[in-house]
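So the structure is just underneath, and the comments pick up after that.
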Amino acid sequence: MSHYTYKTKMTCSSAIDFDIDGNIISNIAFTGGCNGNLKAISKLVDGWTVEKIEQYLKGNRCGMRPTSCADQLARAVREAAEKQEG
């Protein structure tokens, strides 16, 4: 298991921290953003695979922005998985 920090882009949150073990994501914590909603998302997807997080969250938008905190999480877990693979 390794810990990963992703600096978000174009969102109210500034970073996402999580653990990755193979393709399983856990211990997700957002810095900033909509506190209640992001805590809920973090609890709901805890233990999900990278692929499942991408399936449900990738492409979600926030208002007129081309991304959202949920979309940034999907991007973050994919980046972490690719770096872990080598």
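Letter by letter, the sequence shown follows residues 69 to 154 of my numbering.
Quick reminder that beta carbons are idealized off the backbone N, C-alpha and C, glycines included.
Ends of the beta strand (DSSP E) at residue i?
i           : result
residue 100 : 92–100
residue 89  : 81–89
Cβ-heavy atom distance between residue i and the ligand NAD below 6 Å?
i           : result
residue 123 : In the structure shown, the ligand NAD is absent, as is every other ligand, since no ligand is present at all.
Residue i and residue j: beta carbons closer than 7 Å?
i           : j          : result
residue 113 : residue 91 : no
residue 85  : residue 97 : yes
residue 100 : residue 70 : no
residue 148 : residue 72 : yes
residue 83  : residue 75 : yes
Starting from residue i, follow the alpha helix (DSSP H) in both directions and report where the run begins and ends.
i           : result
residue 70  : Looking at the DSSP string, residue 70 is not in any alpha helix (DSSP H); the run it does join, the beta strand (DSSP E), is 70–75.
residue 159 : Outside the displayed range of the chain (69 to 154) lies residue 159, so it cannot be described from this structure.
Report all residues from its chain with a CB closer than 6 Å to the CB of residue i; omit the five preceding and five following residues, and keep chain order.
i           : result
residue 145 : 93, 118 and 121
Expressed to the nearest angstrom, what Euclidean distance is found between the alpha-carbon atoms of residue i and residue j?
i          : j           : result
residue 89 : residue 133 : 31 Å
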